[in-house]
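Novice:
2 protein chains.
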Amino acid sequence: MDVKDLCLGALSFGDATGYDIKKFFENTFSHFFLAGYGSIYPALASLTAAGLVSCRTLAQHGKPDRKLYRLTAAGRRAFLDTLRDTTPRHRLKSEFLVLLYFAHLLAPARLQAIVDQQLRNFDGNLKHIRQYEDCCAAAQPLSPGAHFVCGYGKAVMTAASEYIRAHRHSLLPPTGRGAAPRKLIQARRQPVHTASRN
Amino acid sequence: MDVKDLCLGALSFGDATGYDIKKFFENTFSHFFLAGYGSIYPALASLTAAGLVSCRTLAQHGKPDRKLYRLTAAGRRAFLDTLRDTTPRHRLKSEFLVLLYFAHLLAPARLQAIVDQQLRNFDGNLKHIRQYEDCCAAAQPLSPGAHFVCGYGKAVMTAASEYIRAHRHSLLPPTGRGAAPRKLIQARRQPVHTASRN
DNA sequence: TGCCCTGTATATCAGACCGATATACGATGC
DNA sequence: GCATCGTATATCGGTCTGATATACAGGGCA
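If you're matching them up, the sequences are chains W and G in order. First residue of the first sequence: 1, per this note's numbering; consecutive thereafter. First residue of the second sequence: 1001, per this note's numbering; consecutive thereafter.
#1: Does any C-beta atom of chain G lie closer than 8 Å to the C-beta of HIS128 (chain W)?
#2: Please tell me whether HIS1193 (chain G) has its Cβ less than 8 Å away from any Cβ of chain W.
#3: Mind listing the chain G neighbours of LEU99 (chain W)? Cutoff is C-beta to C-beta under 9 Å, in chain order.
#4: Going along chain G, which residues have a C-beta under 7 Å from LEU106 (chain W)?
#5: Using the C-alpha atoms, what's the distance from ALA1074 (chain G) back to GLN186 (chain W)?
#6: Could you tell me which chain G residues have their CB closer than 7 Å to the CB of ALA159 (chain W), listed as they occur along the chain?
#7: So SER94 (chain W) contacts chain G; which residues on that side make the cut at Cβ distance below 8 Å?
#8: May I have the straight-line CA-CA distance separating SER1046 (chain G) from ALA1146 (chain G), to the nearest angstrom?
#9: Indicate the three-state DSSP secondary structure (helix, strand or coil) for PRO108 (chain W) in the structure shown.
#10: Just to confirm before moving on: does the CB-CB distance between ALA984 (chain G) and VAL1098 (chain G) stay below 8 Å?
#11: Under the three-state reduction of DSSP, which class applies to ARG89 (chain W): helix, strand or coil?
#12: According to the neighbour-count rule (16 or more other Cβ atoms, all chains shown, within 10 Å of its Cβ), is LEU172 (chain W) buried or exposed?
#13: Note down the Cα distance separating THR48 (chain W) from ALA35 (chain W), rounded to an integer number of angstroms.
#14: Spell out the partners DSSP gives VAL53 (chain W) in its beta bridges.
#15: Going by DSSP, what residue range makes up the alpha helix (DSSP H) through PHE25 (chain W)?
#16: Identify the continuous alpha helix (DSSP H) that holds MET1001 (chain G) and give its terminal residues.
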């Protein structure tokens, strides 16, 4: 199950350009799967070469041509095969937790900043899911699958936030009154720099 | 923050071989960061070339030589810099949730098998974390960071399991008595095939 | 008017990562 | 006697990541 398969899945809901597909991933899969243009465009080229999608080019004034992709019969079959045969993985990669594992090497202010930032990220993601649900539900009821994965995201991120809020204090040194804690590492104001994921 | 940095972190607890480092990742970071030999050995080679770790070779009878790596002063500094400067990411990649999003294209039996397997995976991971805590705590108390990330893993995976158990029924078609649900995709017995991650 | 930023839309590229595979041998299990 | 597991190294093709390039329309703003 790679980006190619995900593109087939996105196209199973209707024709789309690479740009649209990325939008779809961001709206729909943001909390459990993301792909950048660097994955999507090569994937679409490869799918076209394999005859799993067809492509027609729509000229535009000024802007680059839109390339509208459509699932072929073979593509639809290939996607169903993937759904049937994939052994699904489920994997977290968290530099946030790595950093906290090394809490003993972090300055308290830095630690607090990291934790606060992660809580804000969870809040943002939760808000995004709620908006997605509301916005889609306005058009037509969410499919059971979509509803389930949104609920999953909300449940897990809410639990994560609660755990962090309840236990963040345990990461700080015991703060023995006056026992000035050595500053191991200076905290540094960080530009909020969200990775671009082009 | 890449595998190189994680290797520096692992070596901050003492000298180790590439093999040891992988074991360390599996024991300690399994639920939020994993790296295979294909990442670790090149990383160690590159760190050695950069002077951030030193390496001495211990001959063995029969088996390949052990290459024991040690953090240099420069390596320790580089690691602390990374801890101070990294903007931590936190990212889930779940084919499991992708599959469930497309529940409408899955045969009910397949759906059940996927969900059951994921619940077993969570159970296994939870057991692993508990064992790690018990086993380490026997030697010396867990560091606050280690304790926190273990608790995080347990909280999140418990919440995920509970959510799945509570809502899995919503993924099945409304099962109108006798309204034989079309079998869209046959379920297929899968060899339990856990990815090797060499 | 000029300037910058955002949104639409394509695409490439170096570097990192993933998972499979190869090699080798001792010990353990059946 | 043979298979499997654990120790220990390493490479490799294929994929993914994140930065960057190009190009123009439209809106905000001074």
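Ideal Cβ placement from N, Cα and C applies to all residues, glycine included.
Specialist: In short:
#1: no
#2: The predicted model places HIS1193 (chain G) with a pLDDT of 48, which falls under 50 and marks its position as unreliable; any figure quoted below should be read in that light. Closer than 8 Å: yes.
#3: MET1001, LEU1083, THR1086, PRO1088, GLY1145
#4: LEU1083
#5: In this predicted model, GLN186 (chain W) has a pLDDT of only 49, less than 50, meaning its place in the structure is not dependable; the value taken from the coordinates is given anyway. So the two alpha carbons sit approximately 18 Å from each other.
#6: ALA1155, VAL1156, ALA1159
#7: For SER94 (chain W), the chain G residues whose C-beta falls within less than 8 Å of its own C-beta are PHE1032, PHE1033, PRO1088, ARG1089, HIS1090, ARG1091, listed in chain order.
#8: When rounded, the distance between both Cα atoms is 28 Å.
#9: Reduced to three states, the DSSP call for PRO108 (chain W) is helix.
#10: An answer regarding residue 984 (chain G) cannot be provided, because it is not within the stretch 1001 to 1198 covered by chain G.
#11: coil
#12: exposed
#13: 18 Å
#14: W:LEU71
#15: 18-28
#16: Here MET1001 (chain G) belongs to no alpha helix (DSSP H), and DSSP marks it neither H nor E.
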